[in-house]
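Everything in the sequence shown is counted per my numbering, starting at 323 for the first residue and increasing by one.
Notes to accompany the following structure.
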Amino acid sequence: MTAPYPLSVELGKVREFARATGITDPGYLEDPAPHIPPTFLRTVLFWRPDDWVSPLDALNLDPKRSLHGEQEFEFFGPPPRAGAELTVHTRLESVTEKQGRRGGTMKFIVVVEDFVDADGKLVARGRTTGIETGQAQQ
Numbered sequence: 323m324t325a326p327y328p329l330s331v332e333l334g335k336v337r338e339f340a341r342a343t344g345i346t347d348p349g350y351l352e353d354p355a356p357h358i359p360p361t362f363l364r365t366v367l368f369w370r371p372d373d374w375v376s377p378l379d380a381l382n383l384d385p386k387r388s389l390h391g392e393q394e395f396e397f398f399g400p401p402p403r404a405g406a407e408l409t410v411h412t413r414l415e416s417v418t419e420k421q422g423r424r425g426g427t428m429k430f431i432v433v434v435e436d437f438v439d440a441d442g443k444l445v446a447r448g449r450t451t452g453i454e455t456g457q458a459q460q
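Listed below in structure tokens is the structure:
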């Protein structure tokens, strides 16, 4: 597990995300404290502190062979609202390998992000599966 970091759910970012993804529901665009759209949590992960260390760093993955495989979210109650102050806890859940059809070994990496509110309650969980493709055998 890496060091947790704070995350402020900013109203402007919620609205910007809603517009960028084509959401027209006034609940997201006009409410003074809207719930976040469910996939909003994926984008906020790009706002981590500059000194944050990813659990993936130790795996020495080749970015030229890496891709995003799957994303899922689980909410433990209503989604957080704009104005919420959360803490994000990130951990490496698993690394598995599978022989690729075109040769080489593929790695499947699952990273979990837990979003905890100011009271210490788990409000959401994101699970990301990354894939490092195998190199074709010569």
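Ideal Cβ positions, reconstructed from N, Cα and C, are used throughout, including at glycine.
Quick caveat, the model's predicted, so the values are computed rather than measured.
Cβ atoms of Phe395 and Gly448 come within 8 Å of each other, at about 5 Å.
Annotation note: the region 333 to 366 contains the following uninterrupted alpha helix (DSSP H) runs of length 4 or greater, listed N- to C-terminal: 333 to 342, 348 to 351, 362 to 366. If only uninterrupted beta strand (DSSP E) runs of at least 3 residues are considered, those enclosed by the region 389 to 435 are 407 to 421. The beta carbons of Val433 and Leu408 sit about 17 Å from each other, so the pair does not count as a contact at 8 Å.
A contact is defined here as three or more CB-CB pairs under 8 Å, and the region 408 to 423 meets this definition with respect to the region 435 to 445.
With 16 or more other CB atoms across the displayed protein chains lying within 10 angstroms of its CB, Pro356 is buried.
Shown here for Glu415: same chain residues with a beta carbon closer than 6 Å to its own, the five before and five after excluded, namely Val432, Val434 in chain order. Straight-line measurement puts the Cα of Thr451 at about 15 Å from the Cα of Asp384. At a Cβ-Cβ threshold of 7 Å, Phe339 and Phe368 do not count as neighbours.
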